[in-house]
Every structure is written in structure tokens, then in C-alpha cells.
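Going down the list, the protein sequences come from chains A and B. Under this note's numbering, the first residue of the first sequence is numbered 1, with each subsequent residue one higher. Under this note's numbering, the first residue of the second sequence is numbered 1, with each subsequent residue one higher. Don't be surprised by glycine CBs; every beta carbon is placed ideally from N, CA and C. What follows is a single structure, written as C-alpha cells, with notes after it.
There are 2 protein chains.
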Amino acid sequence: PKKILAKVVEIARQTKTIGQDDPRRVIHSLKVGLVLTLVSLFYYFQPLYKSFGVSAMWAVMTVVVVFEFSVGATIGKGFNRGLATLLAGVLGVGAHHLASMTGKVGEPILIGLFVFLQAVVSTFIRFFPKVKARYDYGLMIFILTFCLVSISGFRTDDILELAQKRLSTIFIGASTCVIVSIFVCPVWSGEDLHNLVADHIEKLGNFLEGFGSEYFEESGEAEKRDGKSFLVGYKSVLNSKNTEENLANLARWEPGHGKFMYLHPWKQYLKIGTLARQCACRIEALNSYLNSQIKAPDEVRQKVQETCKTMSTESGQALKELSLAIRTMTRAADSPNTHIINAKTAARNLISLLKSDSWADINLLLVVPVAAVASLLADIVICVEDIDESVTELAR
Amino acid sequence: PKKILAKVVEIARQTKTIGQDDPRRVIHSLKVGLVLTLVSLFYYFQPLYKSFGVSAMWAVMTVVVVFEFSVGATIGKGFNRGLATLLAGVLGVGAHHLASMTGKVGEPILIGLFVFLQAVVSTFIRFFPKVKARYDYGLMIFILTFCLVSISGFRTDDILELAQKRLSTIFIGASTCVIVSIFVCPVWSGEDLHNLVADHIEKLGNFLEGFGSEYFEESGEAEKRDGKSFLVGYKSVLNSKNTEENLANLARWEPGHGKFMYLHPWKQYLKIGTLARQCACRIEALNSYLNSQIKAPDEVRQKVQETCKTMSTESGQALKELSLAIRTMTRAADSPNTHIINAKTAARNLISLLKSDSWADINLLLVVPVAAVASLLADIVICVEDIDESVTELAR
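Quick look at the structure:
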């Protein structure tokens, strides 16, 4: 009993977290309940039931299957379902007519052949990457509807009426979903993608801004570091590819909304995302030096400390301003560029510093970690420059 | 017309590639066609049609929706669909009975309330990450069936018979899919995961094996490098997290097959995968030094060349033997360990080499890239050791 109680408490806690993390989830659940109850009115009201009959259940099915969290996904599924049903319905009726001309013996054989061929071809088409990304659901519905229509035709004669009723109820269900998802507290994939990319760049910026003082100043206080969230934020950037691609695919279904026009250059976000992941990879390598035991002695550190800190902090600030520029969709004035210029100047200073003769008496072993960090930072400055370019292109 | 012809040729070429990349795709398409034709027999044969009637179409629908590429996905969907239909059917009939006791006026209101509450709660539960990973489809079917059963109950009286027929046809459809997917040219997610992880580690090994000579020997011949696939293979490892997690989720549905028992420790593969991604991240940083313009002069290179090459090559060989050990599922004897020991010895040699005094007269600037490479390689050796540990744990 104690275990069960603990489990219940745990679930309640999780429920609260999930709801608080993104309150739109609660609203989405309520929206689904609302639309389902609305659509089920078809069954209760006599006049509506008269015109649609049992086909009204297809409206309910459509709502359950089509209503997704974001507007893009809902429109995409609704469009796929509608178009696929229409096409497959027409072809199915055609197949039925063609088959019924061959008489009672040939009909099932011919229909069986049609069903087989259609299923094989459509299933194979689903493996095309571009089709899979946007029309996978539509092809499934195409197979389904074609089978249902052409096979049902074997038993019922009013196949045309059946197909027409089904199509209209599906249309009603799908359009209710789309309308509610757009006009009642909409969740836009495009906006989510926009914010996600801005968030990621900000996280990278936070790390770089804090890295300099973390590495050079408080040496050896690893415990203190545990509470610093800015040092681990970048990790979520590393595995973000699928999420971003998915959101970009959905965003392409969405009409213009808020600050975004229809056909906003969503692909540009993917480019920025790829660059951000490259930068995060460098940061991951950098991060391992924070926790490494071999630390350069103070005399070595002090020599490069200033330039390295400048490189890190300035790139961090550049990224944070880029993130802000994305968020507010203002063309970044020259402000992030000054940070990048500062960072590049620091990188050049570092080179001349290394060229100087003041190193002759220092044990090379002690320089290696600092040299590696400096080299990675120089690499990151280049990454940041690339990100800046991409963001500028987006603002165009 | 020329454009259209080019398009057609392009599509034909793509079709061929998709089929050749994984011939199981062609087989899967044929399997789907076969099962659909089989199930549609319910409609053609009078005796079968008599016992199921129009409900036979639920078998067709189930096949289209449940039959997935891999065994794990098919079992998972079939299980979800069967269980959810059963549960929702029972609850739906219960809700209908409860509601019908309140009379003709109260019934639609009460059913509407049940539908609303159920939809809200189930939709919210779908947001739980663990539920989403394995039972998302089941919850959708639950909402669907509950609505259909409880709402249909308002219009038809033989609701129990309806529910029972539907359940048995769904059961027939789902079990046909599962049986065919297991016994006719099965595609196992578990096996795919196993091979994927082994492939990834091999790719990392290939890079490291080739990196040493690439970096130290042929300097400046960037053109020659373009054709070398082993230098870019690691990139596919970087973004593999979602694929791996997905396969692991599906693999948990699968019964024992081939070399794998039921409840094979699939999670261990995810651990190895995470370590492989960490290693790939270091390699990405390493790779940028291959293409960087700043190269250390020969005198510097020659000093560290041998140890660095040993570190790189030995870690690469260790990874390749680990990959082989995974593939053959043999507990790696001590063979990969000797490579790791060699790599670690080389790392120690590098340290004493750096400690030596022979560096005093060398410009520090020229040492930095080599130092960074050496430092990254030392880091990679640690990564490889971690991977070795995880693989050994898997072999237990």
C-alpha cells in the first residue's frame, strides 16, 4: 500500500510538471474534448442523423485521428486525409465499375488484383524520404479508402452514395479540427521552431559567456560548478536535429500567423540549427577541459587568460545578441558584429602572444591544455561568424 | 516535355536506389499487398461474410494501420490496438448502460459528458513521455473506440453484438499482421539496432585509423581527401539519437529471435550509442584540424607524429574490434584491450615527450594546432575506454 501511494504521488507530481512545463498541453486536451463532443452532436440530433446516418461516425473518427497538438500537424493530417480519401474514393469506384463488368466470377479476382497492386505500390512509395516527411499519413489513408470502397462495392450497390456520405463527414470532421486548432489558442509549429532555434543559440551564448571565468578564475572548485545550469544547457542542442526537421516540416503547412508570413523561409532555421549543432560539438570538447584534472599552472594561465576570456565572452555575447535578433525579428544592427570583431581581434592577439619569446622557459606539457582550449575557442569564433551570416540571411 | 521526361527518369532512379539500399522494403510492400488481399477474402466468401458482415471491413482497416515495417512496430501497434479496443469497448458499453438508465433526455447529456471527460484525460496522458514512446497509438484507439461505442449505443440496441464483432475482426486483422510479419522474411528492430550501433562504432574506428596518416603524412593535399569516405562516415553518428531510441522502443516488443533473447538488454545499446556520439563529437573537432590552413611545420610534426599516430591508429583498431565483438556477440577476448593499452601507453609517451627540453627553441604558435590535436586524441582514448567498458557489460 505504501508503494502504491508513492506511485500515485509520483504520477501526480509528473502530471503537474507536464502541465506546468507547457500549459498549452492542458488547453489542447480541453480542445480535443470540446471538438469531439461537438462532432458527436451529429448522432444525437435527429435532423443531422437523418442526413448522414451511421456515416456520422466517420466524423468522430476523423477528429480523433486528425486533431494534433500544433496547427501545422492538424492541417497536414486533415489535408492528407481529405485529399487521399477523395482520390482513393474516385479510383475505388472506378475499379469497382471496371471489375463488375467482368461478371460475378471475374469480379472478386480483378478487385483482389487491384487491391494487391495498389497496396504494393503505395506501400513502396511511403519509403521515399520526401513523401515520408509530408504525405505518409495520406498514403496510408489512400490504401485504406481504396480497399474499403472497392471491396464494399462487391456487397452493396449504393457505393456512390456511401462514398459521398463518408467524404462529406470526413470533410466536416477535418475542417472542424482545423478551424478550432487555428482560432482557439493556436499552437504554431513555426513559432515553436523559431523560439527553439533562438533558445539554442542563447544557450550556446550562455555557456561561452560563462566559460572564460569558469576556466581561468576559480580553479579546482568543481563542486561549485554543479549548480550552474548555463554549463549544461548546450547539451540539449546536440540532439536537436530531428525535432527541428519535424517542426520545419509541420510549419510548411501553416498559413501566415503573427510575425510569420506563409512560406516563411523555414529551411533557413534548419541551416542555423546545423551550425548551432556544430558549435555545440566544439563546446562539448571545450567542456571536457573544464573537468579535466590536468590544469595549467597559474603563470601559463595568466599569459593567455585575458585574450581567451575575451574570445569566449565576446563570442557568447555575439550569440546572445543574435538570439535576441532572431527573437525580435529585427535585423541585427551592427551590434553583434562588433562582438564578433572583438572576438576576432582577441584571436589575432592570441597569435601574436604565442609568437612572442616569453614562452621559452615554460614546460611545454603545461601549455598543452591551454593551447587546446585556445585553439577550440578560435574554432568557435569561426562558427559564430557562420551563424551570424546565416541569421543575417534569415533577416533578409 | 523534356522536363517531365527528366523528372520521370529521376524518380525511376530514386526508386531503384531505395529498393537497392534495403531490399527488405520491396519485400515489405509485397507482404502488405498479400495480407490485404488475404483479409479481403472475408468479403468475397459467403460463409465468412455471413458471420461478420460489414464488420469485416474492420479487419481491412486494422491491417492497413497495424502492418509496419518491423516486427516490433507491428506487434506494438497490434497489441495497442487490441488492448485499447477491448478496454474502451467495455468502458463504452458500461457508459452506455449507465447513461441509458437516466432516460431519453439525460442520456445524450451524460454520454456527452463522458466523451468529453474521457477525451480530455486520455489526450493529456498522451503527453507523458513514457506513454508517448510505447502507448501513444493505444490511447488514440482508446479515445476512438470509446466514442464510437458509447455514441453508437444511442442509436442501435445490439451494441454488444456490434462491439463483439468488431473486436473479433480487429483481432483477426492484427494477428494476421503479426504472424506474417514474424514468419515471412521478418525485419527485426532489435537486429537493426544491434547492427546500427556496431556500424557506428566501426565508422568511428575507420576515421581514427585513417586520421593519423591523413594528418601527418600528406600535408596540404586537400583534393585527394574528397574521395575518402572514411573521413566523413562519422557524421551520421552525430545525429543518431532519435533513430536509436526509436529502434530500442520497438525492439522491446519483439520476441526472442536469432541471437537475441526476449528482454535482451536493449538499453545497453543506447548507452553505447551515447558514448559513440560523445566520441563522434571529439572527432568532429579533430576533423576541423584536417582542413585548417594553419599547419605545424615538419620539425614539430615529426616530434609528435609517431605517438599521435599510434594513439589514433590503436584507438581506431580498438573500436573496430569492439564493433566486431558486438557484431559476432562474442565476448571480446583481451584483444581490444591490448589496443587500448597501446593507445594509453602512447598517450603517456606523449606526456613525457612534451616534458622533455627539446622544445625550447620552437615557436609556440606552431605547436598549438599539434598540441590541440594531441590533446583531443588523448580525450578520445578515454572515450574509447568507456565504450570498451560498456560493450563488455553488454556481453555479460
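The residue among A:Q118, A:T17 and A:I109 with its C-alpha nearest the C-alpha of L87 of chain A is A:Q118. Taking a cut-off of 8 angstroms for Cβ pairs, the segment 55-66 of chain B and the segment 174-192 of chain B touch, as three or more such pairs fall below it.
For the segment 347-358 of chain B, the set of positions with a beta-carbon nearer than 7 angstroms to some beta-carbon of chain A reads I351, L354 and K355 in chain order. Under DSSP, H264 of chain A takes part in no beta bridge, so it has no partner.
Within the same chain, Cβ atoms closer than 6 angstroms to the Cβ of V26 of chain A are found at G19, the five residues on either side in sequence being excluded. Classified as exposed, E389 of chain A has fewer than 16 neighbouring CB atoms from the shown chains inside 10 Å of its CB. Partner residues in the beta bridge of H257 of chain B, as assigned by DSSP, are B:F260. At the C-beta level, L231 of chain A and G210 of chain A come within 8 angstroms of one another.
Taking CB atoms only, I341 of chain A has no neighbour in chain B less than 8 angstroms away. Rounded to whole angstroms, the Cβ separation of E202 of chain A and K320 of chain A is 6 angstroms, and the two are in contact under 8 angstroms. Taking 4 residues as the minimum length, the alpha helix (DSSP H) runs contained wholly in the segment 37-87 of chain A are 41-44, 46-52 and 56-66, in order along the chain. In the pairwise beta carbon analysis, the segment 49-61 of chain A is classified as not touching the segment 129-136 of chain B: fewer than three pairs are separated by under 8 angstroms.
Interface flag for C147 of chain B against chain A is set, since a Cβ pair is found closer than 8 angstroms. Three or more pairs of CB atoms, one per stretch, sit closer than 8 angstroms, so the segment 264-277 of chain B contacts the segment 188-195 of chain B. Among the residues of chain A, those whose CB is under 8 angstroms from the CB of L36 of chain B are V115, F116, A119, I143 and C147, following chain order. A371, A372, A374, S375, L376 and D379: these are the residues of the segment 370-394 of chain A whose beta carbon lies less than 8 angstroms from some beta carbon of chain B, given in chain order.
P108 of chain B belongs to the set of residues whose beta carbon lies under 8 angstroms from a beta carbon in chain A.
Interface annotation, A285 of chain B: in contact with chain A, CB-CB separation under 8 angstroms. Taking the beta carbon of L30 of chain B as reference, the chain A residues within 7 angstroms of it are V120, listed in sequence order. In the three-state DSSP reduction, P23 of chain B falls in the coil class, being neither helix nor strand. Chain-ordered, the chain B residues with CB closer than 8 angstroms to the CB of T123 of chain A read H28, S29, V32 and G33.
Contacts between L365 of chain B and chain A, judged by CB atoms closer than 8 angstroms, involve I351, L354 and K355 in chain order.
Chain B has no Cβ within less than 8 angstroms of the Cβ of Q302 of chain A.
T123 of chain A carries a helical assignment under DSSP once its states are collapsed to helix, strand and coil.
By the Cβ-count criterion, E214 of chain B is buried, with 16 or more other Cβ atoms from all chains shown falling within 10 Å of its own Cβ. Here T85 of chain B has I141, T145, L167 and I170 as same chain residues with Cβ atoms under 7 angstroms from its own Cβ, once five neighbours each way along the sequence are excluded. I143 of chain A sits away from S152 of chain A, with the two beta carbons spaced by 8 angstroms or more. Counting only the Cα atoms, I182 of chain B lies some 31 angstroms from I11 of chain B. With contacts defined as CB atoms closer than 8 angstroms, F114 of chain A and S70 of chain A fail to qualify as a contacting pair. Annotation: R252 of chain A has no Cβ neighbours in chain B at a cutoff of 9 angstroms; minimum Cβ distance is about 20 angstroms.
Between the beta-carbon of L208 of chain B and that of S312 of chain B there is about 5 angstroms, and that keeps the pair under the 8 angstroms contact cut.
The three-state secondary structure of C308 of chain A, taken from DSSP, is helix. Residues of chain A with a Cβ closer than 7 angstroms to the Cβ of F127 of chain B are, in chain order, I18 and R25.
In the three-state reduction of the DSSP assignment, F128 of chain A falls in the coil class, being assigned neither a helical nor a strand state. If you look at Y215 of chain A, you'll find it in the alpha helix (DSSP H) that goes S189 to F216. Ranked by Cα distance from L353 of chain A, the first of A:F79, A:Q302 and A:R13 is A:Q302.
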